[in-house]
Amino acid sequence: MLDEDLKQVADLIKRSDYIIAFTGAGASVESGIPPFRGSENALWDNYSPDILDISTLHEEPLKTWEFIRDVFYDYMFREDIKPNPTHFFLARLEKEGSLKAIVTQNIDNLHQEAGSKEVYEFHGSAAYITCTTCGYRVAPHQLNMKNLPPKCPKCVNKVLKPDFVFFGEGIPQKAYEASFVAARKCDLCIVIGTSGTVMPASMVPIVAKQNGATIVEIGPTPTELTRNGTTDIFLKGKSGEVSRELEQMLFGNVTN
Ligand SMILES: NC(=O)c1ccc[n+]([C@@H]2O[C@H](COP(=O)([O-])OP(=O)(O)OC[C@H]3O[C@@H](n4cnc5c(N)ncnc54)[C@H](O)[C@@H]3O)[C@@H](O)[C@H]2O)c1
Ligand SMILES: [Zn+2]
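If you're matching positions, the sequence shown starts at 890 in our numbering and goes up one per residue.
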């Protein structure tokens, strides 16, 4: 990453009135959560994405739930999984006024834990487990993960589902609409830690660009967004490290 590019991005952040961040699994890698792609411990190198298809949950609830427990709940909500400097930097930018929203594909609740308020969870959240029939909701720690698959206490034999979006399901409507309103309004869109391959989420920076925004991408390797010319400035590096440098440049200190 060039110092000059870093300075240019810090300058852009200073000058912009309506910034949004578009984040993906890479933003949480430094918190200890592996991404699906593009990392040495990427999940899809070890599992097939079919396991998170909504039809698999219906047809093989036990197999799906064992996967969900092992790869999500056994560590995503562990005590030692904490927000990293990426999350804290974005929360600080919101507090200072220029960052208006975070559109996240992440389901780990770390932006909210870092203090961000306007967070649109494009793929839902793992912080709750729900019954899609009656709306019953429970937090993961309240569930006995030894007795799988979990069932709704109110509806006979109805298997519960994490509140995140499975393959084959639609995007939560409120988050979808709010995300694209913000994408059309923003003058700067900072893309962090996403492979940009999951549709329709990957349209967020493209819509921002079409509406005149500048696009900055932060990550260890340039993604399709940079290769196809959507990105204006690519900052190569781990997002936590780049965030710390930007925070230092903008505020003269790093709080977390
Ligand atoms: N933390 C989470 O909530 C979590 C974890 C795994 C997967 N997911 C889900 O996976 C789907 C996959 O799409 P995606 O684009 O978000 O992720 P992805 O797994 O497809 O891509 C992750 C990207 O992050 C980059 N990356 C790796 N380490 C990084 C670091 N330290 N700093 C910055 N970037 C880094 C990789 O190069 C890759 O481009 C999303 O829908 C998301 O819901 C979420
Ligand atoms: Zn129910």
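Glycine included, C-beta positions come from ideal geometry on N, C-alpha and C.
Please read these numbers as outputs of a predicted model, since none were measured by experiment.
How is the alpha helix (DSSP H) around residue i delimited, first residue to last?
| i | result |
| --- | --- |
| Val1096 | Met1092 to Gln1099 |
| Glu955 | Pro950 to Ile957 |
| Val1087 | Counting along the chain, Val1087 falls outside any alpha helix (DSSP H), and DSSP gives it neither H nor E. |
| Ile902 | Asp892 to Arg904 |
| Gly1129 | Ser1128 to Phe1140 |
| Phe977 | Pro974 to Glu985 |
| Val1080 | Note, Val1080: premise wrong, no alpha helix (DSSP H); beta strand (DSSP E) at Leu1077 to Ile1081. |
| Thr1022 | Taken as a continuous stretch (DSSP letters only), Thr1022 belongs to no alpha helix (DSSP H), as it is neither H nor E. |
| Ala1067 | Gln1062 to Lys1074 |
| Glu1002 | Leu999 to Glu1002 |
Candidates the options: which alpha carbon is nearest residue i's?
| i | options | result |
| --- | --- | --- |
| Val1070 | Gly1085, Val1093, Thr993 and Ile943 | Val1093 |
| Pro955 | Glu1058, Ile970, Asn973 and Tyr936 | One point to set straight first is that residue 955 is Glu, not Pro, in the sequence displayed. Taking only the C-alpha atoms, the option nearest Glu955 is Tyr936. |
| Asn1145 | Val1048, Lys1040, Phe978 and Thr1119 | Phe978 |
| Gly1059 | Ile970, Gly1141, Phe1011 and Arg967 | Phe1011 |
| His1030 | Lys1043, Thr1120, Tyr962 and Ile970 | Tyr962 |
| Glu1136 | Thr975, Pro1051, Gly1082 and Ser1068 | Thr975 |
| Glu985 | Thr1110, Ile902 and Thr1120 | Ile902 |
| Ile970 | Pro1109, Asn1036, Ser917 and Lys1035 | Ser917 |
| Pro938 | Phe925, His947 and Val1045 | Phe925 |
| Gly915 | Gly1141, Gly1085, Ser944 and Phe1140 | Gly1085 |
| Ala1067 | Ser944, Pro1109 and Ala1090 | Ala1090 |
| Asp892 | Leu1124, Val1080, Thr1110 and Glu968 | Leu1124 |
Which residues in the same chain as residue i place their Cβ atom closer than 6 angstroms to its Cβ, once the five residues preceding and following it in sequence are excluded?
| i | result |
| --- | --- |
| Glu1002 | Pro972 |
| Lys1043 | Cys1023 and Tyr1025 |
| Thr1120 | Ile1104, Glu1106 and Leu1114 |
| Ala1064 | Tyr1009, Glu1010 and Phe1011 |
| Val1143 | Arg1133, Glu1136 and Gln1137 |
Might you give, ordered along the chain, the residues of its own chain that have their beta carbon closer than 7 angstroms to the beta carbon of residue i, omitting 5 neighbours on each side?
| i | result |
| --- | --- |
| Val1008 | Ile991, Thr993, His1000 and Gln1001 |
| Ile1122 | Asp894, Gln897, Val898 and Val1105 |
| Lys965 | Residue identity differs from the one stated: residue 965 is Met in this sequence, not Lys. The residues are Ile922, Asp997 and Ala1015. |
| Asp942 | Phe1055, Phe1056 and Gly1057 |
| Pro1038 | Pro950, Leu951, Trp954 and Val1048 |
| Gly1129 | Glu919, Asn973, Pro974 and Thr975 |
| Thr1021 | Lys1050 |
| Gly1013 | Ile996, Asp1052, Phe1053, Val1054 and Pro1061 |
| Asn1033 | none |
Looking at the secondary structure, which residues open and close the beta strand (DSSP E) in which residue i lies?
| i | result |
| --- | --- |
| Ser1014 | Gly1013 to Thr1019 |
| Ala910 | Ile908 to Thr912 |
| Thr993 | Leu988 to Thr993 |
| Asp1052 | Lys1050 to Phe1053 |
| Tyr1009 | Val1008 to Glu1010 |
| Phe961 | Run containing Phe961: none; DSSP gives neither H nor E here. |
| Lys1125 | Ile1122 to Lys1125 |
| Thr1103 | Thr1103 to Gly1108 |
Going by beta carbon distance, what residues of the same chain come within less than 8 angstroms of residue i, once the five residues before and after it are set aside?
| i | result |
| --- | --- |
| Asp1076 | Ser905, Asp906, Tyr907, Ile908, Gly1101, Ala1102 and Thr1103 |
| Cys1078 | Ile908, Ile909, Ala910, Phe911, Ala1072, Val1093, Pro1094, Ala1097, Lys1098, Ala1102, Thr1103, Ile1104 and Val1105 |
| Lys989 | Tyr907, Ile908, Ile909, Glu983, Glu1007, Ala1071, Lys1074 and Cys1075 |
| Ala1028 | Ala1016, Tyr1017 and Ile1018 |
| Met1138 | Leu895, Lys896 and Ala899 |
| Glu1146 | Within the shown structure, residues of the chain are numbered from 890 to 1145, placing residue 1146 beyond reach of any answer. |
| Lys1040 | Asn1046, Lys1047, Val1048 and Leu1049 |
Cβ of residue i versus every heavy atom of ligand 4: is any distance shorter than 7 angstroms?
| i | result |
| --- | --- |
| Ile922 | The model depicted lacks ligand 4 and carries ligand 1 and ligand 2 instead. |
Task: For review: beta carbons within less than 7 angstroms of any heavy atom in ligand 2 - done: Cys1020, Thr1022, Cys1023, Tyr1025, Cys1041, Lys1043, Cys1044 and Lys1047
- [ ] Kindly confirm or deny that the stretch 1107–1125 and the stretch 948–962 touch, where touching means at least three C-beta pairs closer than 8 angstroms.
- [x] no
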